[in-house]
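Add 1392 to a position in the sequence shown, counting from 1, and you land on the number used in this note's numbering.
Glycine is no exception: its CB is placed at the ideal position from the N, C-alpha and C atoms.
Report on the structure given below.
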Amino acid sequence: LTIGSLSNISWLKVIMVPALDIGGAILLGTVLGLGMTYLIHFADTKKRLSVIVLGIILLCVGMAKILNISSILANMIMGFVVTNRIRPNENAFEGIDEIDEIVFAMFFTLAGAHFDLGVMKEAGILSLLIVAGRCIGKYIGARIGATVSHAPTVIKKYLGFGLFPKAGVTVGLALLAKQHLVFSGTSIGNIMISAILASVVLNELIAPPLTKYALIKSGEASEIK
């Protein structure tokens, strides 16, 4: 990439394309979220509720694909709208609570299928840097934020540890990125997805104990003996 090539970049396009992508996802998620909020009132059984919820989720994914916008963001916005629009005694996602473990298992199995051990020599170091950089950044950022906001000392000391866990959205975004033409079928794409997946595995090994430590030390939970 040279200075000359930078002069040929349309900065309007650089700004507008992501803005339209994000704005379109927010609009689609909001509209379908409002639609789901209306339709769930007609569901008198768990099975009908499951059909409505799963149907609209699939509709959201399909429309996002057609419109070439983020299906992950659109569904996140849709869930946000539904959760904040329904009555406190309602649970719109009650019908799919029974199958969510199956969905998670399928999702992570699909992600694991992209894990390339052949590039772990390069991806291994990168995954360690990702975990270290993320954890250090989370802890320092939480500490600075707590200091600026004059939060209690216990928040300053332990909040950062509670921010370490990650998994679903990170893996989903990595899979979407790998499908992009820039990374598809390239060694960079394989290294990227393998490094991210390895960092998720490492993170899930160290984050839960640290989160437990933070909750107990902060007095928010007690250890069961």
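Beta carbon of residue i nearer than 9 Å to that of residue j
| i | j | result |
| --- | --- | --- |
| G1421 | I1469 | yes |
| K1548 | A1566 | no |
| R1526 | S1591 | yes |
| L1419 | R1477 | no |
| L1594 | S1519 | yes |
| G1516 | A1435 | no |
| V1546 | S1614 | no |
Alpha-carbon spacing of residue i relative to residue j, whole angstroms
| i | j | result |
| --- | --- | --- |
| I1395 | I1407 | In this prediction, I1395 has a pLDDT of 47, which is less than 50 and means its spatial position is unreliable; what the coordinates show is noted afterwards. Their Cα atoms are separated by approximately 19 Å. |
| I1442 | I1449 | First, the amino acid is wrong: residue 1442 is Ser here, not Ile. So the two alpha carbons sit approximately 10 Å from each other. |
| V1423 | V1561 | 22 Å |
| R1440 | N1460 | 30 Å |
| T1429 | L1404 | 37 Å |
| A1634 | S1402 | Residue 1634 is absent from the model: the chain starts at 1393 and stops at 1617. |
| A1538 | I1528 | 15 Å |
| L1602 | A1524 | 14 Å |
| I1522 | L1431 | 42 Å |
| I1458 | V1409 | 16 Å |
| M1584 | E1514 | 10 Å |
| L1589 | T1501 | 12 Å |
| R1479 | G1415 | 27 Å |
| L1393 | V1445 | In this predicted model, L1393 has a pLDDT of only 46, less than 50, meaning its place in the structure is not dependable; the value taken from the coordinates is given anyway. Roughly 46 Å between the two C-alpha positions. |
| A1543 | I1580 | 42 Å |
| V1540 | L1568 | 36 Å |
| A1411 | G1471 | 21 Å |
| A1433 | G1454 | Per the sequence shown, the amino acid found at residue 1433 is His instead of Ala. In a straight line, the C-alpha of H1433 is about 24 Å away from that of G1454. |
| G1447 | E1612 | 39 Å |
Residues of its chain near residue i, where Cβ-Cβ distance is below 6 Å and the 5 sequence neighbours each way are ignored
| i | result |
| --- | --- |
| N1467 | C1452 |
| L1465 | A1417 |
| G1564 | I1464 |
| Y1550 | A1606, K1609 and S1610 |
| V1474 | G1425, M1428, T1429 and A1484 |
| A1456 | S1463 and A1466 |
| P1600 | none |
Residue range of the unbroken alpha helix (DSSP H) whose run includes residue i
| i | result |
| --- | --- |
| G1454 | K1438 to L1459 |
| R1479 | R1479 -> no alpha helix (DSSP H), and no H or E assigned at all. |
| F1553 | T1545 to G1554 |
| K1405 | W1403 to L1431 |
Own chain, CB closer than 8 Å to residue i, minus 5 neighbours either side, in chain order
| i | result |
| --- | --- |
| T1437 | none |
Other residues of its chain near residue i: CB distance less than 7 Å, five sequence neighbours each side excluded
| i | result |
| --- | --- |
| G1552 | K1530, Y1531, A1534 and R1535 |
| D1413 | I1461 and S1462 |
Any C-beta of chain C under 9 Å from that of residue i
| i | result |
| --- | --- |
| A1417 | The structure shown contains no chain C, having only a single protein chain. |
Check: residue i C-beta below 8 Å from any heavy atom of the ligand SAM
| i | result |
| --- | --- |
| I1432 | Ligands are entirely absent from the displayed structure, and the ligand SAM is therefore not among its contents. |
Quick test of the definition: if touching needs 3 or more C-beta pairs under 8 Å, does the stretch 1536-1556 touch the stretch 1599-1607? yes
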